[in-house]
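Trainee:
There are 2 protein chains.
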Amino acid sequence: MTSTLTGALFIGATRRPGTHGQILAIEAATGARIQPAFGGASPADLDDACALAAAAFDPFRALPLERRAQFLEAVAQNILDLGDELVERAMQETGLPRPRIEGERGRTVGQLRLFAGVVRDGGFLDLRIDPALPDRQPLPRPDLRLRNVPVGPVAVFGASNFPLAFSVAGGDTASAFAAGCPVVVKAHSAHPGTSELVARAVAKAVADYGLPEGVFSMIFAEDRAVAQALVADPRIKAVGFTGSRTAGTAFMKIAAARPEPIPVYAEMSSINPVLLLPAALAARGAQIGTAFAASLTMGAGQFCTNPGLILVIEGEGLDDFLAAATRAITKAAPATMLTPGILAAYTRGVAALSGHDAVETVAAGAATDLKASPALFVTDAARFLARPELHEEVFGAASLVVRCPDLAAMTAVIEALEGQLTAALHMDEADHDTARGLLPLLERKVGRILVNGFGTGVEVAHAMVHGGPFPATADGRSTSVGSLAIARFLRPVCYQDLPRALLPPELQGDGAGLPRRLDGRPTL
Amino acid sequence: MTSTLTGALFIGATRRPGTHGQILAIEAATGARIQPAFGGASPADLDDACALAAAAFDPFRALPLERRAQFLEAVAQNILDLGDELVERAMQETGLPRPRIEGERGRTVGQLRLFAGVVRDGGFLDLRIDPALPDRQPLPRPDLRLRNVPVGPVAVFGASNFPLAFSVAGGDTASAFAAGCPVVVKAHSAHPGTSELVARAVAKAVADYGLPEGVFSMIFAEDRAVAQALVADPRIKAVGFTGSRTAGTAFMKIAAARPEPIPVYAEMSSINPVLLLPAALAARGAQIGTAFAASLTMGAGQFCTNPGLILVIEGEGLDDFLAAATRAITKAAPATMLTPGILAAYTRGVAALSGHDAVETVAAGAATDLKASPALFVTDAARFLARPELHEEVFGAASLVVRCPDLAAMTAVIEALEGQLTAALHMDEADHDTARGLLPLLERKVGRILVNGFGTGVEVAHAMVHGGPFPATADGRSTSVGSLAIARFLRPVCYQDLPRALLPPELQGDGAGLPRRLDGRPTL
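Chains as they are written, first to last, in the UniProt record's numbering: chain A, 1 to 524; chain B, 1 to 524.
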């Protein structure tokens, strides 16, 4: 297939070659550089994108909800219409296999359609109407009406590990559009071609719907200062990011130091503790070990929700668990990682654990130059508690088992953990009391608690939380997956005694037609 | 009346004399120091309070909602039961007159009862249930359930200008309790006696309801480092603050620099633009001028929503407006301010405007040593835009009129403003088109837009927003007044495939009994 890629920036409706450095994609499987080159954005390019986004904000958010929903659906359809060129380019740039990319495309399209439904539902507006009480004593009550409005233009930083679902038209962009926010995407340099194709799908929908061009821009940035300038730009009002703790906390600092600080929604770092409770372990240690290894090695372990920490109380079944996990891990084929940089970081992380005096290596796959192998390590609660470096994420298929002499030690280990995206409990009915005792602690530490499964495979749903206390995310009050993700890009505005003709349509009269609170009472 | 005050700290259930410096209240009307002395908290006192708050968190949040609601109502009743001692002490410490203090007590009690209703309603939990779809292709969907949980112990800093409604048991404390968060209050040093009395009412409710003592602590702090240490304490998970921009931004910096950054809800600085549109101004300039002066001078202008900026298009009625406002301001009696420090800052602010080369003084009340007089200044749009220092709040009854040659100039002035709590439009029907054109800009700049009134007098209601983009507040996604204030202290948690017996009661079965979303559909 002949590439249709141009390597140009998307500055609103203009395709402009970037001249500030350049990026070449790397074929993940071979390490070879791929044409074409993608030109990096200059500060002037960034300035233009932000100016267009600011100009687009008011007209975009003023669109009728139905029109905004249709725009999201058009983006989804346009992504499907890219056909196999998108799938093949994404496979080439990421090393991920076809079923995974096709599945992720389905997820991305599904997310956009989910948010179309969220927009039509209107619940995200949180409409509230407290009608005037002119005769109230001692003072009358004015007419008060509330709705959520979008925060303003949003900067989105694509993630390397989900080239579609957490990238150019991924969850951050979909939820920001749904809220009514223009988006400036900084494309991830590991999949610039995939990014250009998807950007084309978004830009086509913007044009087809006659939206202001600044609703969407996308830049490539070879220069880290340009990415940081995007976070610092006064026209940007929120940031969506998925990536490393280093980059995420750097963005948090920049955002906090702005003359007008803004929220950063960075999803950064999680080791996702898995708790093996005694009855379950005794009953099916081997089975859990095999399932764990499958979750660990899936996609070369390149998931935010990868099970990086196993907490287990010494007892029956532990040897079976370790033996089964070791068997599966030792047999696992080496896997291509997303980028040479991620592979190098993984290799360093595994080497640090292998050589760590408080850790034993129990399983490691065969090593190769270009591919990563899974690895499993063991320590105990006392040593884990004493060595904070063991609490850090190794991105990839590496996991650490912490042997706990008793429940108190397991509890102490959980208490010592930083915030996490997920915690998984493997348990049987006889473990219920133990689990019940742990739940309040887990609720304080994580965004999602799951039973007899693993955190990998994040359902895009209304009740999903893909978030958690720092450093799992920058802002534990939010989720980046599922319909609640729209809440990140909204703020409430109150209208007092506005004449009906000036009120937003959804707040006129008694607001009929959308879910709302009348005098505090929910009304459909 | 004999004072029952002791000056002791409230460290959980223990009344402990503070030994780290001391605070004496000042009688606002005379400047005289009043007994008893209030002992300042040491770092060890603070540590104890935070440890108790952390220990109280899980049991407090596990209370049934009905019990939590009753606790809030008991606090309200206990405040009323303090009787006249509370009113008289608050009058003495703040210089505010009896009707104002009694009114504020009613507001405080009303807020606590409002939040009891919010707790019973349960909507704040944002319950979501996406039932399992075991037969879904290609993969089954797990059972997913979501609820909001409280963020953890909250630090509350009382405000000087609302010794009851924004203080020890004010809106921040009421909404944090309603969310299920223990509270550590740092009492405002300007009304320590009022604070002790109210703390007694809260502590009595904690004891009567058999709650863990750490649900409520209150410290006095003579040492600024202790207040800052409260924000930095790792057991504190959010901060509620109303006060100066200097203190608020200092807390924001401390919170952002913590190993685990936390949200700060600081309500800080606002000049609350009032827009006089042409038809209204021509029709009733004098009437608006008189009403404006009444709002400006109410309570010595010591409101966050005080009208500090008047934007007006040159034309018919402006002279009438200025003449009427001048008449009222010149006649206004000098008023006692809350503290000598606030009076001194106000005097400095007024002097700076009086001597400013870009400003003319049009009205100033008679000056006295111990009381403040209102003041009104005038400039024009060009000079206002050129001099950023004119955009800063002068806390008290001072206001600046900005003459705009046309609507474009008025728009440019609004665009140049920082975030604000409120904007008020004075308008008639002939002004509707002008107003409609300004609304999108105002929505970007403020949390509440009101028509033919002034921002003073903030209704405690479901549709109220007392918030706004920085620096009006630290976090423009929130409100500190009204039922939505509870959202500041919540975060979502998802439960995946939890056995029914382990689910929170409100998420069992189909969650009947409380408002919820089933598969995304709102259900009552």
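Glycine included, each C-beta is placed from N, C-alpha and C at the ideal position.
Across which residues does DSSP place residue 129/A in a beta bridge pair?
Mentor: Per DSSP, 145/A and 518/A.
Trainee: Could you name the residues that DSSP lists as bridge partners for residue 181/B?
Mentor: Residue 181/B pairs with nothing; no bridge assigned.
Trainee: Just to make sure I have the definition right: I need the residues of chain B whose C-beta is within less than 8 Å of the C-beta of residue 497/A. Which are they?
Mentor: Simply 450, 451, 452 and 453.
Trainee: How would you call residue 529/B, buried or exposed, if buried means at least 16 neighbouring beta carbons within 10 angstroms?
Mentor: A question about residue 529/B goes unanswered here, because the residues of chain B that appear run from 1 up to 524.
Trainee: Return the residues of the segment 401-412 of chain A that lie within a Cβ-Cβ distance of less than 8 Å from chain B, sorted by chain order.
Mentor: The segment 401-412 of chain A vs chain B, Cβ under 8 Å: nothing.
Trainee: Just checking, does the segment 411-418 of chain A make contact with the segment 254-264 of chain A on the three C-beta pairs under 8 Å criterion?
Mentor: Segments in contact, no.
Trainee: Which class does residue 118/A belong to by DSSP, given the choice of helix, strand or coil?
Mentor: In the structure shown, residue 118/A sits in a helix (DSSP, three-state: H, G or I).
Trainee: Can you grab the Cα-Cα spacing for the pair residue 363/A / residue 264/A, in whole Å?
Mentor: Between residue 363/A and residue 264/A, the C-alpha separation is close to 38 Å.
Trainee: Return the Cβ separation of residue 460/B and residue 422/B in integer angstroms, given the expectation that the two are a contact with Cβ distance under 8 Å.
Mentor: The pair is not a contact, with the Cβ atoms about 15 Å apart (cut-off 8 Å).
Trainee: Note down, in chain order, every chain D residue with its Cβ under 8 Å from the Cβ of residue 432/B.
Mentor: In the structure shown, chain D cannot be found, because the protein chains are A and B.
Trainee: Residues of chain B with a CB under 9 Å from the CB of residue 236/A: which are they?
Mentor: None at all; the shortest Cβ gap to chain B is about 13 Å.
Trainee: In the structure shown, what three-state DSSP assignment does residue 262/B receive?
Mentor: Residue state, collapsed to three classes: coil.
Trainee: For residue 268/A, which residues in chain B fall below 7 Å Cβ to Cβ?
Mentor: Those do not exist, as residue 268/A stays about 12 Å from chain B at its closest Cβ, beyond 7 Å.
Trainee: Just by C-beta distance, which residues in the segment 457-469 of chain B are closer than 8 Å to chain A?
Mentor: Against chain A - using a Cβ distance shorter than 8 Å - the residues of the segment 457-469 of chain B are 457, 459, 461, 462, 463, 464, 465, 467 and 469.
Trainee: I want to see whether chain A comes within less than 9 Å of residue 478/B, judged by CB atoms only; does it?
Mentor: Closer than 9 Å to some Cβ of chain A, the Cβ of residue 478/B qualifies, so yes.
Trainee: For the segment 150-168 of chain A, list every residue whose C-beta sits within 8 Å of some C-beta in chain B, in sequence order.
Mentor: Under the 8 Å Cβ criterion, the segment 150-168 of chain A contributes 151 and 152.
Trainee: Going by DSSP in three states, residue 403/A sits in which element: helix, strand or coil?
Mentor: Three-state result, residue 403/A: strand.
Trainee: Counting along the chain, where does the alpha helix (DSSP H) carrying residue 226/A start and finish?
Mentor: Per DSSP, residue 226/A belongs to the alpha helix (DSSP H) from 224-232.
Trainee: Let me confirm a value: residue 66/A is counted as buried when at least 16 other C-beta atoms fall within 10 Å, else exposed. Which label applies?
Mentor: So residue 66/A counts as exposed.
Trainee: Following the continuous alpha helix (DSSP H) through residue 302/A, name the residue where it begins and the one where it ends.
Mentor: Element bounds for residue 302/A: n/a, residue is neither H nor E.
Trainee: If the criterion is Cβ atoms closer than 9 Å, does the pair residue 206/B and residue 41/B meet it?
Mentor: Contact flag unset, no.
Trainee: Within 10 angstroms of the Cβ of residue 105/A, are there 16 or more other Cβ atoms? Answer buried if so, exposed if not.
Mentor: With 16 or more Cβ atoms within 10 Å of its Cβ, residue 105/A is classed as buried.
Trainee: Take the Cβ of residue 45/A as the centre, count every other Cβ of all protein chains shown within 10 Å, and call the residue buried at 16 or more, exposed below.
Mentor: It counts as buried.
Trainee: Output needed for residue 353/A: all residues of its chain with C-beta closer than 6 Å, excluding positions within five of it in sequence on either side, in chain order.
Mentor: Excluding residues within five positions, the ones whose Cβ falls inside 6 Å are 359 and 377.
Trainee: Within 9 Å of any Cβ in chain B, is that where the Cβ of residue 515/A sits?
Mentor: By this cut-off, residue 515/A is an interface position.
Trainee: Does any residue of chain B bring its CB to less than 9 Å from the CB of residue 298/A?
Mentor: So, not an interface residue.
Trainee: Do the CB positions of residue 114/A and residue 176/A come within less than 9 Å of each other?
Mentor: Contact flag unset, no.
Trainee: Below 8 Å on the Cβ atoms is my guess for residue 218/A versus residue 168/A; work out the distance and round it to an integer in Å.
Mentor: Right, their Cβ atoms sit about 6 Å apart.
Trainee: Look at the Cβ atom of residue 154/A, then the Cβ atom of residue 75/A, and state whether they are nearer than 9 Å.
Mentor: Result no, Cβ atoms of residue 154/A and residue 75/A do not sit closer than 9 Å.
Trainee: Would you mind listing the beta strand (DSSP E) stretches within the segment 330-369 of chain B that are 3+ residues and don't spill past its ends, in chain order?
Mentor: Entirely contained in the segment 330-369 of chain B, the beta strand (DSSP E) runs reaching 3 residues are, in chain order, 360-364.
Trainee: Taking only the alpha-carbon atoms, compute the straight-line gap between residue 234/B and residue 275/B and give it to the nearest angstrom.
Mentor: Straight-line Cα distance between these residues: approximately 44 Å.
Trainee: Classify residue 186/A: buried if its beta carbon has 16 or more other beta carbons within 10 angstroms, exposed otherwise.
Mentor: Buried, by the Cβ-count rule.
Trainee: Quick check on the burial criterion: 16 or more other C-beta atoms within 10 angstroms. Buried or exposed for residue 500/A?
Mentor: Label assigned to residue 500/A: exposed.
Trainee: Should residue 117/B be flagged as near chain A, meaning a C-beta pair shorter than 9 Å?
Mentor: By this cut-off, residue 117/B is an interface position.
Trainee: Looking at C-alpha atoms only, which residue of 320/A, 373/A, 331/A and 326/A is the closest neighbour of residue 344/A?
Mentor: The shortest Cα separation from residue 344/A among 320/A, 373/A, 331/A and 326/A belongs to 373/A.
Trainee: Going along the chain, which residues of the segment 130-151 of chain B sit with their C-beta nearer than 7 Å to a C-beta in chain A?
Mentor: Against chain A - using a Cβ distance shorter than 7 Å - the residues of the segment 130-151 of chain B are 130, 141, 142, 144, 145, 146 and 149.
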